[in-house]
Amino acid sequence: MTDDGRLAEFEARLARGEKIEPGDWMPDEYRRQLIRMISQHAHSEVVGMLPEGGWITRAPNLRRKLVLLAKVQDEGGHGQYLYHAAETLGVTREEMLEALLAGKAKYSSIFNYPAQSWADIGVIGWFVDGAAILNQTMLARCSYGPYARAMLRICAEESFHHKQGIEICLTLAQGTPAQRAMLQDAVDRWWWPTLMMFGPHDSDSPNSPALMRWGIKTRSNDELRQEFVDQTVPQAQAMGVRLPDPELRFDAATGHWRFGEIDWDEFWRVVGGDGPCNRERLEARRQAHDDGRWVREALAAYAARP
Amino acid sequence: MNPELRRALAEALLALADDEMILAHRDSEWSGHAPILEEDIAFANIALDEMGHAQLWYRLVAELRDKDPERLPDRLVFRRPASAFRNVRLVELPKGDWAFTIVRQHLFDSIELARLARLAQVGHAPLAQTAAKILNEERYHDRHTRAWMRRLAQGTDESRARIRSALDLAWPKTAQLFLPIPGEERLLEAGVWVGGATLAGAWYAAESGFLGELGLDIEPLPAESEGRDVHTEHLEALLTEMQSVARLEPEAAW
Amino acid sequence: MTDTQWPRYEVFVQERPGRPHQHAGSVHAPDDEIALQNARDVFVRRPECISLWVAPAAAITGVTAQELAERGAAPEAQADGDDHAFEVFAKVEQRGTLIHIGQVAASSAAVALAASRRLADANGALVLWVVPSGRVTRSDEADVAPMFAPASTKAYRDQAFYHVQTALQRMRRSRQP
Chain R
4 MTDDGRLAEF EARLARGEKI EPGDWMPDEY RRQLIRMISQ HAHSEVVGML
54 PEGGWITRAP NLRRKLVLLA KVQDEGGHGQ YLYHAAETLG VTREEMLEAL
104 LAGKAKYSSI FNYPAQSWAD IGVIGWFVDG AAILNQTMLA RCSYGPYARA
154 MLRICAEESF HHKQGIEICL TLAQGTPAQR AMLQDAVDRW WWPTLMMFGP
204 HDSDSPNSPA LMRWGIKTRS NDELRQEFVD QTVPQAQAMG VRLPDPELRF
254 DAATGHWRFG EIDWDEFWRV VGGDGPCNRE RLEARRQAHD DGRWVREALA
304 AYAARP
Chain C
906 MNPELRRALA EALLALADDE MILAHRDSEW SGHAPILEED IAFANIALDE
956 MGHAQLWYRL VAELRDKDPE RLPDRLVFRR PASAFRNVRL VELPKGDWAF
1006 TIVRQHLFDS IELARLARLA QVGHAPLAQT AAKILNEERY HDRHTRAWMR
1056 RLAQGTDESR ARIRSALDLA WPKTAQLFLP IPGEERLLEA GVWVGGATLA
1106 GAWYAAESGF LGELGLDIEP LPAESEGRDV HTEHLEALLT EMQSVARLEP
1156 EAAW
Chain V
8 MTDTQWPRYE VFVQERPGRP HQHAGSVHAP DDEIALQNAR DVFVRRPECI
58 SLWVAPAAAI TGVTAQELAE RGAAPEAQAD GDDHAFEVFA KVEQRGTLIH
108 IGQVAASSAA VALAASRRLA DANGALVLWV VPSGRVTRSD EADVAPMFAP
158 ASTKAYRDQA FYHVQTALQR MRRSRQP
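Protein chains in written order, with the numbering used here: chain R, 4 to 309; chain C, 906 to 1159; chain V, 8 to 184.
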């Protein structure tokens, strides 16, 4: 069969709702896009352990401490599932980690922002996990079997992440003036970066067309972003928390919340590696990797004994 | 149970709770920094288990003191100064390198396993049931840390050397886990406790056998005299961090 | 020595008695014992599980229905040496994952795969994997309590542990004039 023939059959399979499995024929571009996307997703989970992980030692009561440690552990687990999905496409974990630690691989920019207070932990759960769930729910239907299955597992585990964040914010919103101020400050810093998580307008996104065509992405960046805003504004209103957007207003005609324009200069700067914590995050991962080398070698040596 | 006995038992369980809590806190410091992703996940599980155990013991302390088991644990963990903690010094030491963390975890877990196996048989039902529940999870910790001890002690020259250094630091401090706790005689008479002295001999024999298989020699356990009310400077630093957010608004809900 | 993330092991989880083992993902591990432990820590954080299997990815031979269609019918593999047991896994539903469907005896992976296709054709397998039974490390009956029961003590991993909907509603109502 010619490549054109194979491509036609591949797209017919997608149209029939079939899942592509490791070993199936797939266009090089499909494989390339998936490796890029899945490995970035995996790196995001692992790097994402850092801003919250740093607050486990300061969580203010036993429930919060247990829950935060369980959440960060889950994030490690999610990274693990995603590395697996990428590995089924022929890239190794060694290769993916090397690219990350050399600063050549991307990961979600949201984790380049610092978690400055305890309230940030609540807001990260409320905003960042709230946004992630929308994206993940979409990806759970994607055409590549291992990625879809990893996303299903992740979706099932993620809902407590969102809820524990809201629970922290609710407690602070009903707390002392200092606690309410801490919450408002965190909201002011995390709102716009969260909206940026959904990526550029689709018209400015070079990867979207291929991803849409091949059943990897089934909803646009702007659609998902709008859904996030619509779901979150009422929650903020209930908590008495102000969102830092003077243009935010309800449009009765469409039933959606209209919001202001994202600062795309900041978006591209942070994506390009110049965010507040880019260097710190990679340094922490490099340190852990380097410090752990003797351990990995020791266990490999033990296994290799005659 | 008469009031004096209840008070003595509460003190004993507070010690167990503090051990688990401080160790869990140290273990949780590895989150995001472990040598490989799978072990990051695995070790977080151990930390979660230990924290859960601490919570169970703190709740029993609350019941013995007729206090609210939903509120007293947080007060005990987040409001007491270092001088009031009753953990052993072994668990408050910094996490060190991965070898020290594994050695400390292994030594602590194997002693705890020996103690819990006896406590699961005592006459006081809440204590016996809690011990049995914890024992189940500790069995898995023991399997995990033994497997890692075996591999690090016999892996490479570097891993062997690091395990040796870790053992040199941790080993002398295990002796404190076998010291009698204040009020112990009363508890032993009532059949609701197991003394460290009862455990030490058998544990030492088993442990020196296991470590010997790995090519690691150990001294007899040193004589230890300083009790659980004496701490290193590390505990103060640990608690300053651990309690920092709670103390911003000590009476508020978080 | 070049740095290593250790070899991969595929992981199979049996949730309940009477259900087949299902492929859950993989773990990196230096050897079989650590692989089993890592599989438990990565995949059994939440109930349910009564049995766990791991097998080195390198020991697994697989083929997809699409691959077979692409290549045309594979020649019948030649029997070669003594038979030994292979575990067989098949994916039979588009949205499903590989499940354990039985065992075949064969002298090589290629023969096992051919034999499995007959076993699996009744199910219409979309993907087939075979692995020598001797390469599969399995949890013990005695492991169920220490390895799998603790997942049930961590209720905070379940979203039902958090009652935020009612709390949000209550706050919303209290804000209304």
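Where a beta carbon is used, it is the ideal one built from N, C-alpha and C, also for glycine.
Rounded straight-line distance, which links the Cα of residue j to that of residue i
{"i": "H107(V)", "j": "P157(V)", "result": "25 Å"}
{"i": "Y150(R)", "j": "D293(R)", "result": "29 Å"}
{"i": "I136(R)", "j": "L104(R)", "result": "27 Å"}
{"i": "P54(V)", "j": "R177(V)", "result": "32 Å"}
{"i": "W1098(C)", "j": "K1078(C)", "result": "22 Å"}
{"i": "E55(R)", "j": "W271(R)", "result": "24 Å"}
{"i": "Y147(R)", "j": "S42(R)", "result": "14 Å"}
{"i": "A1102(C)", "j": "H958(C)", "result": "23 Å"}
{"i": "A45(R)", "j": "N45(V)", "result": "18 Å"}
{"i": "H1029(C)", "j": "M906(C)", "result": "9 Å"}
{"i": "A184(R)", "j": "W1159(C)", "result": "14 Å"}
{"i": "A1110(C)", "j": "I1016(C)", "result": "12 Å"}
Proximity winner among the options, relative to residue i (alpha-carbon distances)
{"i": "K107(R)", "options": "L53(R), E98(R) and Q167(R)", "result": "E98(R)"}
{"i": "A113(V)", "options": "K98(V), G141(V) and D128(V)", "result": "G141(V)"}
{"i": "A149(V)", "options": "R1051(C), N1041(C) and T1050(C)", "result": "N1041(C)"}
{"i": "Y84(R)", "options": "L173(R), L251(R), H204(R) and E48(R)", "result": "E48(R)"}
{"i": "E1141(C)", "options": "L910(C), L953(C) and S988(C)", "result": "S988(C)"}
{"i": "L105(V)", "options": "A132(V), F93(V) and A122(V)", "result": "A132(V)"}
{"i": "E944(C)", "options": "D77(R), E12(R), A62(R) and G57(R)", "result": "D77(R)"}
{"i": "E161(R)", "options": "A181(R), D205(R), A122(R) and L71(R)", "result": "L71(R)"}
{"i": "Q238(R)", "options": "K166(R), A291(R) and H87(R)", "result": "K166(R)"}
{"i": "A1036(C)", "options": "E916(C), P908(C) and A922(C)", "result": "A922(C)"}
{"i": "L142(R)", "options": "D132(R), L155(R), G133(R) and A134(R)", "result": "L155(R)"}
{"i": "A913(C)", "options": "W935(C), I1123(C), E1094(C) and L1116(C)", "result": "E1094(C)"}
{"i": "M200(R)", "options": "N115(R), R308(R) and Y86(R)", "result": "N115(R)"}
{"i": "V236(R)", "options": "D254(R), I219(R) and S223(R)", "result": "D254(R)"}
{"i": "A1033(C)", "options": "W962(C), P1087(C) and R1048(C)", "result": "W962(C)"}
Where the beta strand (DSSP E) through residue i begins and ends
{"i": "W136(V)", "result": "V134 to P139"}
{"i": "S120(R)", "result": "Element bounds for S120(R): n/a, residue is neither H nor E."}
{"i": "G69(V)", "result": "T68 to T71"}
{"i": "L5(V)", "result": "Absent from the structure is residue 5(V), since the part of chain V shown begins at 8 and ends at 184."}
{"i": "A113(V)", "result": "I106 to A113"}
{"i": "E264(R)", "result": "Looking at the DSSP string, E264(R) is not in any beta strand (DSSP E), and its letter there is neither H nor E."}
{"i": "Y16(V)", "result": "R15 to Q21"}
{"i": "Q1059(C)", "result": "Element bounds for Q1059(C): n/a, residue is neither H nor E."}
Neighbour list for residue i in chain C, Cβ cutoff strictly below 7 Å
{"i": "I59(R)", "result": "S933 and S936"}
{"i": "K161(V)", "result": "L953"}
Three-state secondary structure (DSSP) of residue i
{"i": "G148(R)", "result": "helix"}
{"i": "T144(V)", "result": "strand"}
{"i": "K98(V)", "result": "strand"}
{"i": "Y163(V)", "result": "helix"}
{"i": "G82(R)", "result": "helix"}
{"i": "D254(R)", "result": "strand"}
{"i": "H35(V)", "result": "strand"}
{"i": "A307(R)", "result": "coil"}
{"i": "Q29(V)", "result": "strand"}
{"i": "F201(R)", "result": "coil"}
{"i": "H91(V)", "result": "strand"}
{"i": "I1086(C)", "result": "coil"}
{"i": "I59(R)", "result": "helix"}
Beta-carbon neighbours of residue i, restricted to chain C and to distances below 8 Å
{"i": "G295(R)", "result": "A939, P940, I941 and W1003"}
Closer than 8 Å at the beta carbon, the chain R residues around residue i
{"i": "M178(V)", "result": "L173, A176, Q177, A241, M242 and G243"}
{"i": "D973(C)", "result": "The contacting residues do not exist; D973(C) stays about 13 Å from chain R at best."}
Boundaries (first-last residue) of the alpha helix (DSSP H) holding residue i
{"i": "R970(C)", "result": "That residue, R970(C), is in no alpha helix (DSSP H); it is neither H nor E in DSSP."}
{"i": "F983(C)", "result": "L977 to R984"}
{"i": "Y1109(C)", "result": "G1101 to E1118"}
{"i": "V1150(C)", "result": "Careful: V1150(C) lies outside any alpha helix (DSSP H) and carries neither H nor E."}
{"i": "R288(R)", "result": "N281 to D294"}
Chain C residues whose Cβ lies nearer than 9 Å to that of residue i
{"i": "H35(V)", "result": "I941, L942 and E943"}
Partner residues on chain V for residue i, Cβ-Cβ distance less than 7 Å
{"i": "H87(R)", "result": "G32 and S33"}
{"i": "I946(C)", "result": "D48 and V49"}
{"i": "D27(R)", "result": "T71, Q73 and E74"}
Within chain V, the residues that residue i reaches when beta carbons sit closer than 8 Å
{"i": "S162(R)", "result": "Q166"}
Proximal residues of chain V, C-beta to C-beta of residue i below 9 Å
{"i": "V236(R)", "result": "None at all; the shortest Cβ gap to chain V is about 12 Å."}
Listed by chain order, chain R residues near residue i by CB distance under 7 Å
{"i": "Q101(V)", "result": "G20, E21 and K22"}
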